[in-house]
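Visitor: This is the structure I want to talk about, given as structure tokens.
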Amino acid sequence: MYRSRKSKKSTAGFTLVELLVVIIMAGVLAAIAAPSWLAFMNRQRVNAAQDQAFQALRRAQANAIREKRTWEVSFQEKDDRLQWSTHLASDGAVVAWQDLPEGNADRIKIDPSNSDLKPTGDPCQAGDYCVKFQDRGIVAEDVAGQKITFTTVDDDDGPKRCVYVATILGSLRTDRDEGCQ
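In this text, residue positions in the sequence shown follow our numbering: the first is 3, and each later residue adds one.
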């Protein structure tokens, strides 16, 4: 009738050893995943820069056709930030620069060794690299086959994305990595 009261050990929770094993496993997994995550983020940033540059070129071309005037799209690196602008080629107005890509302009740069999008006769009104589209949407100068290439600031051997002005008629195309050499 009388039961002996024995102290029971608590079985709830984790031991210190189990907790340390889980923390070490999580650290190993994070160390394995971190380089892949960084490479993924760099590819996404360069893809975004390429897409925005392509859209800027299309916008300048469409504006030239619609307004029947020469429009220019310009690219520059200023204060360690990559920027672009579309503007009239000859009005001398102040150019409104925008970051390329938005929010990550300090992580992407123009690869000068693989970029040749510079007019030979009429220099860029603004920026270091530019394309001018005439009133019918054709390229104002012979920049056919020339390109602008983007890469990451951290790694010159990292992902490369480029936009080509494929023909004098103003057709544009994109390429990546070896196609941007």
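Positions of the beta carbon are idealized from the N, C-alpha and C atoms, including for glycine.
Going by the beta-carbon positions, is the gap between Arg109 and Val155 smaller than 7 Å?
Guide: The answer is yes: Cβ separation under 7 Å.
Visitor: Where do the N-terminal and C-terminal ends of the alpha helix (DSSP H) with Gln78 fall, by residue?
Guide: Looking at the DSSP string, Gln78 is not in any alpha helix (DSSP H); the run it does join, the beta strand (DSSP E), is Trp73 to Lys80.
Visitor: Between Glu143 and Lys149, which are expected to be in contact by the criterion C-beta below 8 Å, what is the C-beta distance as a whole number of angstroms?
Guide: Not a contact, Cβ separation roughly 15 Å.
Visitor: Can you tell me where the alpha helix (DSSP H) with Asp53 in it begins and where it stops?
Guide: Leu18 to Glu69 is the extent of the alpha helix (DSSP H) around Asp53.
Visitor: Which residues in the same chain as Ser173 place their Cβ atom closer than 7 Å to its Cβ, once the five residues preceding and following it in sequence are excluded?
Guide: So no residue of the chain qualifies.
Visitor: Would you mind sorting Val75 into buried or exposed? The rule is 16 or more other CB atoms within 10 Å of its CB.
Guide: Val75 is buried by the Cβ-count criterion.
Visitor: With a CB to CB cut of under 8 Å and the five nearest residues on each side skipped, what residues in its chain are close to Thr151?
Guide: Excluding sequence neighbours, Thr151 sits near Ile112, Asp113, Asn116, Ser117, Lys162, Arg163, Cys164 and Cys182.
Visitor: With a threshold of 16 other CB atoms inside 10 Å of the CB of Thr169, please say whether the residue is buried or exposed.
Guide: Classification of Thr169: exposed, given that the 10 Å Cβ count is below 16.
Visitor: Going by beta carbon distance, what residues of the same chain come within less than 6 Å of Gln54, once the five residues before and after it are set aside?
Guide: The residues are Leu102 and Pro103.
Visitor: Quick one: grab the DSSP three-state call for Ser87.
Guide: Of the three classes helix, strand and coil, the one that applies to Ser87 here is strand, per DSSP.
Visitor: Quick one: is Gly47 buried, meaning 16 or more other Cβ sit within 10 Å of its Cβ, or exposed?
Guide: Per the sequence shown, the amino acid found at residue 47 is Arg instead of Gly. Label assigned to Arg47: buried.
Visitor: Taking 7 Å as the cut-off, decide whether the C-beta atoms of Gly160 and Thr153 are in contact.
Guide: Result yes, Cβ atoms of Gly160 and Thr153 sit closer than 7 Å.
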